[in-house]
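Participant: Protein chains in written order, with my numbering: chain Y, 101 to 561; chain A, 272 to 484.
So that we are looking at the same thing, I have put the structure below in structure tokens.
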């Protein structure tokens, strides 16, 4: 007996117990209705006759109803059209899975079977000849639904029968079929786009450094003469060395302290010691290319009254500050906000001791620029908004100035060469309350006169 | 009624304190004395000196007083000091200014005047401003703000020292209004006076009383 491929498949299926067959490496595949294969002997392919004609009629019907445009029924027409048709020579009795209007007659003889998978063949049994053309059309549609419906329901006899009735009803319409399909065919699971993986923190090489400690030197050349040299003498430049160490915390939130010492060159007279800077520093946050740093700084006067002759400088300034920084190609943005507490300095003029009372200062600053490889180049803009500066001594208790503002800005550039950081900054007075300037901040470390140009060299480790 | 409490120490059963009324106690004795203080703040202002902290304008031994050069004087915290000041015609508050030997006493007596100031000042005052500031510190009139009608000429000259009665100023400005803006020494002729670094610094005297019981 010649065994062609298709009968071989049927034979394979029927060797299994009802419903399953072991395949390959032990995986189990359910093969259609499952039967004992007794119908396989002598089946022949159908190429003409009423079954072919009614198949075409079934195809015409589903195309007329445009079931292809109904969700879940898009494959019905092709399945009806292309399924190979076979005729068995002997009838078979129904199995438990064959229970249903379209499968058996009243004697339990099966009309037709197909595997519930796409492109499977359809087998017709001799009892099918008792059906009229309309019934054969319904049978073609029914078997086609077993192959065309979504896998989750294609073996659900109730659903398949209901759809068969909807399609084959004489006055069926597209909308009616669509309504039934909508009610019995489950919605397709929406293929959600894969959730993006948590953003891997790939820090820009210029920030989120696991090496925030730094030591360095800077020189700042002051520009212009202070507006009030009676209070604020003119200084030439200031030299500052600093060391910021972060031994505590972790890579994302280092904690440390800083030291700054300075020397001031005066226009006349020898150099004097500048303010001593002590600071506590911590990185509060470091994620998504953001850095937020907090600082508490003290700029302490190092000179006695005798050494600070003719000067209103010499106050101790305590400042708390917050810096928010983000660097991402091709720009960087940084916001600062500092608050300096009120303090005072003393000076003896003639026989009278005078006290300069500096009010508190709020200092917002904004930096913005471009990142070009290892170079950052940009501008900054800041404002010092200060409470009044009051002067008192003896029976004198007046001005010299109430609430005042000092606005500065300028260019800046930083070049990072491995661990080395070289930077240059220009700071220029843009606007200020009448007759005030940077000297009115009372701290050479904050500025003098009309601005400064600065060159800085640092080593990061 | 004067009273005093007389307590008897307890002695073997004898004890007690008894309030003793003493209507016959003598009244407290008022002691009147003169106090003298050098001025704390002495500052020269001149139309030819622009630097507020010019060394020649403070802590100097001598100052020139002229139409273009004046001297500011102030005794700090005077209001607290003159609490017991007794104002009377025979007990005035006096400013004492001693002229240098090179100065003609007649010229000094005829031209030197002491005037209460209308604006407060500090030791960085100049001919233009009472204190360095953004404008508020400027004299409304260069050379100092004062009312010429309140200026005082010397009431007496003791040797080279001229005495100026400033009792009205002490009463009206310092004590009554609590305003001690100091005084300005002016002259329409050149007069040289001793400064605050000399032994004859400008000074202030007044009479005050205390009660002694």
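Note that beta-carbon positions come from the ideal geometry of N, C-alpha and C, so glycine has one too.
What you are looking at is a predicted structure, and each value in this text was computed from that prediction instead of being measured.
Starting from the beta carbon of residue 451(A), find every residue of chain Y whose beta carbon is closer than 8 Å, and list them in chain order.
Facilitator: Taking the first residue of the second chain as 1, we reach residue 451(A) at position 180. Going along chain Y in sequence order, the residues near residue 451(A) (Cβ under 8 Å) are 495.
Participant: If you scan the region 412–458 of chain A from start to end, which runs of the beta strand (DSSP E) of 3 or more residues do you find wholly inside it?
Facilitator: The qualifying runs are 427–429, 432–436, 454–457.
Participant: Have a look at the DSSP bridge pairing and note the partners of residue 482(Y).
Facilitator: Start at 1 with the first residue of the first chain, and residue 482(Y) comes out as number 382. According to DSSP, residue 482(Y) bridges with 465(Y), 508(Y).
Participant: Counting only beta-carbon separations shorter than 7 Å, does residue 391(A) have a partner in chain Y?
Facilitator: To locate residue 391(A), count along the second chain from 1; it is residue 120. Yes, residue 391(A) lies at the interface with chain Y (some Cβ there is under 7 Å from its Cβ).
Participant: State the DSSP-derived secondary structure class of residue 164(Y), mapped to helix, strand or coil.
Facilitator: Looking up residue 164(Y) in the first chain gives position 64. Note: residue 164(Y) maps to helix in three-state DSSP.
Participant: Can you find a CB in chain Y that lies within less than 7 Å of the CB of residue 363(A)?
Facilitator: Indexing the second chain from 1 puts residue 363(A) at position 92. With 7 Å as the cut-off, residue 363(A) does not count as an interface residue toward chain Y.
Participant: For residue 427(A) versus residue 380(A), is the C-beta distance shorter than 7 Å?
Facilitator: Taking the second chain and counting its residues from 1, the one referred to as residue 427(A) is at position 156. Taking the second chain and counting its residues from 1, the one referred to as residue 380(A) is at position 109. No. Outside cutoff.
Participant: I'd like to check one pair, residue 423(Y) with residue 383(Y): are the Cβ atoms closer than 7 Å?
Facilitator: Residue 383(Y) sits at position 283 when you count from the first residue of the first chain. Residue 423(Y) sits at position 323 when you count from the first residue of the first chain. No.
Participant: Under 6 Å: does the beta carbon of residue 422(A) sit that close to some heavy atom of the ligand MG?
Facilitator: Among the components modelled here there is no ligand, and therefore nothing to report on the ligand MG.
Participant: Taking 8 Å as the threshold, find out whether the region 459–470 of chain A comes into contact with the region 395–411 of chain A through three or more Cβ pairs.
Facilitator: No: fewer than three Cβ pairs fall under 8 Å.
Participant: Within 7 Å (strictly less), CB to CB, does residue 449(Y) reach chain A?
Facilitator: On the first chain, residue 449(Y) is found 349 positions in, with the first residue counted as 1. Closer than 7 Å to some Cβ of chain A, the Cβ of residue 449(Y) qualifies, so yes.
Participant: Hey, residue 561(Y) and residue 313(Y): beta-carbon distance below 7 Å or not?
Facilitator: Working through the first chain from its first residue, we reach residue 561(Y) at position 461. Working through the first chain from its first residue, we reach residue 313(Y) at position 213. Yes, they are a contact pair.
Participant: Tell me whether the beta-carbon of residue 452(A) lies closer than 7 Å to the beta-carbon of residue 388(A).
Facilitator: Locating residue 452(A) in the second chain gives position 181, where the first residue counts as 1. Locating residue 388(A) in the second chain gives position 117, where the first residue counts as 1. Yes; because the gap between Cβ atoms is below 7 Å, this pair is in contact.
Participant: Find the nearest neighbour of residue 396(Y) within the set 411(Y), 149(Y), 380(Y), 390(Y), judged by alpha-carbon distance.
Facilitator: Mapped onto the first chain, residue 396(Y) falls at position 296. When each option's Cα is compared against that of residue 396(Y), the closest is 380(Y).
Participant: Tell me which residues share the same chain as residue 307(A) and place their Cβ nearer than 6 Å to its Cβ, disregarding the 5 neighbours each side in the sequence.
Facilitator: Residue mapping note: residue 307(A) aligns to position 36 of the second chain, counting from 1. Excluding residues within five positions, the ones whose Cβ falls inside 6 Å are 474, 476.
Participant: If you measure beta-carbon to beta-carbon, which residues of the region 492–516 of chain Y are closer than 7 Å to chain A?
Facilitator: Under the 7 Å Cβ criterion, the region 492–516 of chain Y contributes 493, 494, 495, 496, 498, 499, 500, 501.
Participant: Can you tell me whether residue 418(A) is buried or exposed? The criterion is at least 16 other CB atoms within 10 Å of its CB, across all chains shown.
Facilitator: Counting from one through the second chain, the residue named residue 418(A) turns up at place 147. Result: exposed.
Participant: Any C-beta of chain A within less than 8 Å: which residues of the region 420–452 of chain Y qualify?
Facilitator: The region 420–452 of chain Y vs chain A, Cβ under 8 Å: 449, 450, 451, 452.
Participant: Is the Cβ-Cβ distance between residue 351(A) and residue 468(A) less than 7 Å?
Facilitator: As a first step, residue 351(A) is located in the second chain; it is residue number 80 there, counting from the start. As a first step, residue 468(A) is located in the second chain; it is residue number 197 there, counting from the start. For residue 351(A) and residue 468(A), no; Cβs fall outside 7 Å.
Participant: Report the CB separation of residue 441(Y) from residue 489(Y) in whole angstroms; it is logged as a contact under 8 Å.
Facilitator: Taking the first chain and counting its residues from 1, one reaches residue 441(Y) at position 341. Taking the first chain and counting its residues from 1, one reaches residue 489(Y) at position 389. The pair is not a contact, with the Cβ atoms about 14 Å apart (cut-off 8 Å).
Participant: Mind checking which residues open and close the beta strand (DSSP E) that includes residue 487(Y)?
Facilitator: Indexing the first chain from 1 puts residue 487(Y) at position 387. Careful: residue 487(Y) lies outside any beta strand (DSSP E) and carries neither H nor E.
Participant: Is the region 538–550 of chain Y touching the region 511–525 of chain Y in the sense that three or more CB pairs, one from each, lie closer than 8 Å?
Facilitator: No, the region 511–525 of chain Y does not touch the region 538–550 of chain Y.
Participant: Roughly how many angstroms lie between the CA atoms of residue 509(Y) and residue 431(Y), to the nearest whole one?
Facilitator: On the first chain, residue 509(Y) is found 409 positions in, with the first residue counted as 1. On the first chain, residue 431(Y) is found 331 positions in, with the first residue counted as 1. Distance between the alpha carbons of residue 509(Y) and residue 431(Y) is about 18 Å.
Participant: Mapping DSSP to helix, strand and coil, what is residue 401(Y)?
Facilitator: On the first chain, position 301 is the one that residue 401(Y) refers to. The answer is coil: DSSP assigns residue 401(Y) none of H, G, I, E or B.
Participant: Would you say residue 450(Y) and residue 329(A) are within 7 Å of each other, going by their C-beta atoms?
Facilitator: Here residue 450(Y) corresponds to residue number 350 of the first chain, with the count starting at 1. Here residue 329(A) corresponds to residue number 58 of the second chain, with the count starting at 1. In this structure, residue 329(A) lies closer than 7 Å to residue 450(Y) by Cβ.
Participant: Chain Y partners of residue 404(A), CB-CB under 7 Å?
Facilitator: For the purposes of this step, residue 404(A) is taken as residue 133 along the second chain, with counting starting at 1. Those are 499, 500, 501, listed as they occur along chain Y.
Participant: Nearest to residue 388(Y) by CA position, among 416(Y), 229(Y), 372(Y), 425(Y), is which residue?
Facilitator: As a working note, residue 388(Y) is residue 288 in the first chain. Considering only alpha carbons, the answer is 425(Y).
Participant: Report yes or no: is there a C-beta of chain Y within less than 7 Å of the C-beta of residue 396(A)?
Facilitator: For the purposes of this step, residue 396(A) is taken as residue 125 along the second chain, with counting starting at 1. For residue 396(A), the answer is no, since every Cβ of chain Y falls outside 7 Å of its Cβ.
Participant: Residues of the region 319–342 of chain Y with a CB closer than 9 Å to any CB of chain A: list them in chain order, please.
Facilitator: From the region 319–342 of chain Y, only 327, 328, 329, 330, 331 have a Cβ closer than 9 Å to chain A.
Participant: Please state the DSSP three-state secondary structure of residue 169(Y).
Facilitator: In the first chain, the residue the question calls residue 169(Y) occupies position 69. If DSSP states are grouped into helix, strand and coil, residue 169(Y) belongs with the helices.
Participant: Say whether chain Y places a C-beta atom closer than 7 Å to the C-beta of residue 400(A).
Facilitator: If you number the second chain from 1, residue 400(A) lands on position 129. False, the Cβ-Cβ gap to chain Y never drops below 7 Å.
Participant: Could you check which residue in 371(A), 353(A), 395(A) has the C-alpha nearest to that of residue 343(A)?
Facilitator: By one-based count along the second chain, residue 343(A) stands at place 72. Out of 371(A), 353(A), 395(A), 395(A) has the C-alpha closest to the C-alpha of residue 343(A).
Participant: Could you tell me whether the region 535–549 of chain Y touches the region 318–338 of chain Y, where touching means 3 or more Cβ pairs closer than 8 Å?
Facilitator: Because the criterion of three Cβ pairs below 8 Å is met, the region 535–549 of chain Y and the region 318–338 of chain Y touch.
Participant: Report the option in 506(Y), 439(Y), 344(Y), 165(Y) whose CA atom is closest to the CA atom of residue 278(Y).
Facilitator: Taking the first chain and counting its residues from 1, the one referred to as residue 278(Y) is at position 178. The candidate whose alpha carbon is nearest that of residue 278(Y) is 165(Y).
Participant: Have a look at residue 333(Y) and residue 411(Y) and give me their C-alpha separation to the nearest angstrom.
Facilitator: Walking along the first chain from the start, residue 333(Y) turns up at place 233. Walking along the first chain from the start, residue 411(Y) turns up at place 311. Cα to Cα, the separation comes out at about 6 Å.
Participant: When DSSP builds the beta bridges, which residues end up paired with residue 443(Y)?
Facilitator: Against the first chain, residue 443(Y) aligns to sequence position 343. Note: residue 443(Y) sits in a beta bridge opposite 458(Y).
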